[in-house]
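S.K.:
Residue numbers (UniProt numbering): 1 to 1027.
Structure below.
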């Protein structure tokens, strides 16, 4: 309800526009007999819902006028009967609408007489009336009594349909209502729910909702809305909110929140908010998945697809019923098991009234037609779904505007993508402070079962509990399932390689293959008329611009591209005559391009075809010949450098100009350092701010201000790594093309903040006791700093994702493993899209989409480490290696690669991948015909396993033979065998010592050692006597 006590300020332009729409209603066939549209309101009903007559007043003037009569005639005259005070507010309308007749109520003349006076001009008037609750009060009774004898026609549908179409002013107000609803959902509900999950607190749904309903008491929040969206706080209102979790869901707006506590169990949490701004409504509903299973995520993903499909069907001209029928058909076709769970309504129009029962998107409602300018609350949900014996539901709702092009979502500020609504509760160790109890699950493809298994592997490795075999015991069924999946993936990979070779003509990368031009196809000039005007007869000329050498031959200048030149030399025999030798590319001496490129020499099938191998020029003009020689060498160097830079992707990015955010509140993260450093080794602190199309890092030193600009479109991977076991918290950006940072090119830019002290002086710890209060206080400060910095970085990341197209990855700590990607042993973290190590610099970032296959090398019994080689899809690029990975992670990595549908092979030896890839590129057809990688890597795995078994049997038999032989005779061979046995005993002793021996066992072992050494000394003495 509007606040009748506020200042009455009527938008007269809006009134004029809406009066024209009202007058146009008389052209509707349903109103062909009506002569007057009659509206009468009674006394105010307090908190009761507004009647249709009151809504029409509110729509027309922006205010409600109790005990007032409005009558609109066919000729455009507007009759008003009201009190003198209300007439004073309505009188200025006369300046914008001439046909206005205002009659004031007075004691001298009854209300019935004045109503009768309005209709004296009409002969047998027919009144268009609005159906609804009868107004109350003496005034309305008298007015209705005065027109009781007149014929009436119901115009409720026509007037309601007219009011559904928003004007520009109304659309702006409704957009602000949508922004207000989004802000309330994020700051008052979702943040509160995250904090409850983080602290593992218990709070009732009704208590959570009460904070959203009482948002008008949050002065800071309202000031933020006023500053950011130019809202008037007095016009804002939250009319409804609800939170549902657990096993019982009621998918309907208006259902009050219950007293049950927020569920921490795996399942769904449904959050709804409805708001008002300037009496216009907006609504939003989101489903949050907590520790979602595959079925939870599958149901939500399908609901999101169905919701997008529904939006595509909401367009001008479509009937309300057809939208629902189309969506229902889509559900039946895609997932028939969900058809019975689909809600019976897809939403309704929304404006001054939140919902009108006649204007809902339900099957059979073909009377209502969608028009441009309408605003809907579109909601799609599936109820009574079951997972693990527990019921759950999925519900998505948005405020949607209908434009001539289709539907536009007004509440898109709250993301509904699966990766942003999925939360995983993580159990941390007691001494660690959780940075966030709920972490977005960045890739639904990694199962929670794999994460649990991987976490247990890390724990075992951390506690030094290694299996005797060096690997985790995996059941035969799991190994068979894993291998079967790999066999299938390998067949698919071979088929994909075949298709790629057909489509791109090779495996050296599409862009690179297209850049190789055959020498007979090179065109430097269109005709001889395009030759340079600086040519001098019988002199060599180097055209740097066109990369051509003009050689005089038989009196004519012939152009030779610098790409055809192999090398050049210039020397003198007698210091008077100088010789310039130019060698060209010929078959057998192709050295200009790299060996992995496509051969640029022309394809000549003629038997007598010849190549010019070299040309010699002699001249006494040493100065000119030396200048020509230097120009040729410089041009060759230039072209080679250009090719090298292109191969290394070191072409600087041409980033779009940064569009600074000069209006509103900017998103800023302060006190950050950057890597690589702008000023060499000197570390300086700056701040990072988000703008419309990119990020800017600003450093303000005493002498100058430096900045680094990163365009959103140039970011390939954005990674947020909170501080848990490290000493820094960071945001890392892996770019598509490098940018200049200081004086160097860089494709990786990292912004970080140190947590606590990086170096600890051990001398200061000597005098401390176990329960030193200063040390405990210092640890408490470090934990608080970690928590605060993680929260600040996470908030910046969330705000940045909402305002831009960036999607941040977070490391899977459960899948981390150690290895050597470069020079030092570091911890490698998988993310949704790459493998990373970001703490050490330079960083290691490997995009998983670029990987063709993975080769696991040096995997054999007795070795505690293995190597992992990742082959790029562009075979002209070098492979990436991670060496010395502990064997405990082998099975986890295999399972993880399987879930990513990546092909891996296993072998005992390291392979020469440079030679292998070169051989493949030299004869791609033979590589494909032999089964691609499966031809020479796939067969070795079965052989390796059989060899392992044979080796074990052989070793067992040979041990027995050695023992028998050692009892018969002693020779030099026996001596070496004894040494081997001694080493074996020492290894066994080491293993037993790790497990822990009792004192008795250790004494017994010592006696045996003494006896053995005494026996060896005696045998040695006997051998000396024999000699």
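In this text, a Cβ means the ideal position worked out from N, Cα and C, and glycines have one as well.
Here the structure is a predicted model, which means the values were calculated and not measured.
1) Label residue 907 either buried or exposed according to how many other C-beta atoms from any shown protein chain fall within 10 Å of its C-beta, with 16 as the threshold for buried.
2) Would you mind sorting residue 336 into buried or exposed? The rule is 16 or more other CB atoms within 10 Å of its CB.
3) Do residue 843 and residue 732 count as a contact pair if the criterion is CB distance below 8 Å?
4) Would you report the Cα separation of residue 342 and residue 393, rounded to the nearest angstrom?
5) Does DSSP put residue 286 in a helix, a strand or coil?
6) Should residue 10 and residue 93 be called a contact, given that it needs their Cβ atoms to be closer than 8 Å?
7) Residues in the same chain with beta-carbon distance under 6 Å from residue 797, minus the five sequence neighbours each way, listed in chain order, please.
8) According to DSSP, which residues form a beta bridge with residue 40?
9) Hey, residue 175 and residue 410 are a contact pair by Cβ (cut 8 Å); roughly how many whole angstroms apart?
10) In or out: residue 210 buried (at least 16 other Cβ within 10 Å) or exposed?
11) Here's the rule I'm using: 16 or more other beta-carbon atoms within 10 Å means buried, otherwise exposed. How should residue 240 be labelled?
12) To the nearest angstrom, report how far apart residue 636 and residue 873 are at their CA atoms.
13) Do the CB positions of residue 388 and residue 362 come within less than 8 Å of each other?
14) Using DSSP with H/G/I as helix, E/B as strand and the rest coil, what is residue 822?
15) Can you find at least 3 beta carbon pairs, one from the region 155 to 162 and one from the region 348 to 361, that sit closer than 8 Å?
16) To the nearest angstrom, how far is the alpha carbon of residue 616 from that of residue 525?
17) Contact defined as beta carbons within less than 8 Å: I believe residue 384 pairs with residue 348. What is the distance between those atoms, to the nearest angstrom?
18) For the alpha helix (DSSP H) that residue 61 lies in, which residues bound it at each end?
19) Taking 7 Å as the limit between beta carbons, can you name the residues of its chain near residue 975, skipping five residues before and five after?
20) Is there contact between the region 242 to 258 and the region 134 to 154, where contact requires at least three CB pairs shorter than 8 Å?
21) If distances are taken between C-alpha atoms only, which option among 368, 351, 396 comes closest to residue 306?
22) Is residue 636 helix, strand or coil by DSSP?
23) Look up residue 730 in the DSSP assignment and say whether it is helix, strand or coil.
24) Do you know how far the Cα of residue 279 is from the Cα of residue 63?
25) Less than 8 Å between the beta carbons of residue 780 and residue 755, yes or no?
26) Report yes or no: do the region 862 to 880 and the region 740 to 751 share at least 3 C-beta pairs separated by less than 8 Å?
27) Any chance the region 831 to 851 sits against the region 476 to 496, with 3 or more Cβ pairs inside 8 Å?
28) How far does the alpha helix (DSSP H) with residue 547 in it extend, from its first residue to its last?
29) Write down every uninterrupted run of the alpha helix (DSSP H) in the region 842 to 868 whose length is 4 residues or greater and which is fully enclosed by it, in chain order.
30) Consult DSSP for residue 833 and reduce its assignment to one of helix, strand or coil.
31) Note down, in chain order, each residue of its chain lying with its Cβ closer than 6 Å to the Cβ of residue 987, except the 5 sequence neighbours on either side.
32) Report the residue from 839, 374, 564 whose alpha carbon sits nearest the alpha carbon of residue 318.
33) Using the DSSP secondary-structure output, state which residues sit across from residue 399 in a beta bridge.
34) Can you tell me whether DSSP reads residue 654 as helix, strand or coil?
35) Which residues in the same chain as residue 183 place their Cβ atom closer than 7 Å to its Cβ, once the five residues preceding and following it in sequence are excluded?
M.R.: In this structure, then:
1) buried
2) exposed
3) yes
4) 10 Å
5) strand
6) yes
7) Once the five neighbours on either side are set aside, the close Cβ partners of residue 797 are 720, 808.
8) 69
9) 6 Å
10) exposed
11) Burial call: buried.
12) 30 Å
13) Not a contact, by the Cβ cut-off of 8 Å.
14) Residue 822: coil per DSSP, three-state reduction.
15) yes
16) For residue 616 and residue 525, the distance between alpha carbons rounds to 24 Å.
17) Actually they are not in contact, since the Cβ atoms of residue 384 and residue 348 sit about 22 Å apart, beyond 8 Å.
18) Unbroken alpha helix (DSSP H) run through residue 61: 52 to 61.
19) Only weak support exists for where residue 975 lies, its pLDDT of 38 falling under 50; the value from the coordinates is given anyway. Result list for residue 975: empty, nothing under 7 Å.
20) no
21) 396
22) helix
23) strand
24) 10 Å
25) no
26) Fewer than three beta-carbon pairs drawn from the region 862 to 880 and the region 740 to 751 are found closer than 8 Å, and the two stretches are therefore not classed as touching.
27) By the Cβ rule, the region 831 to 851 does not count as touching the region 476 to 496, because fewer than three pairs are nearer than 8 Å.
28) For residue 547, no alpha helix (DSSP H) encloses it, and the DSSP letter there is neither H nor E.
29) none
30) Of the three classes helix, strand and coil, the one that applies to residue 833 here is coil, per DSSP.
31) Confidence at residue 987 is low in this model, with a pLDDT of 43, below 50, so the placement of that residue is unreliable and no value is reported for it.
32) 374
33) 377
34) coil
35) 225
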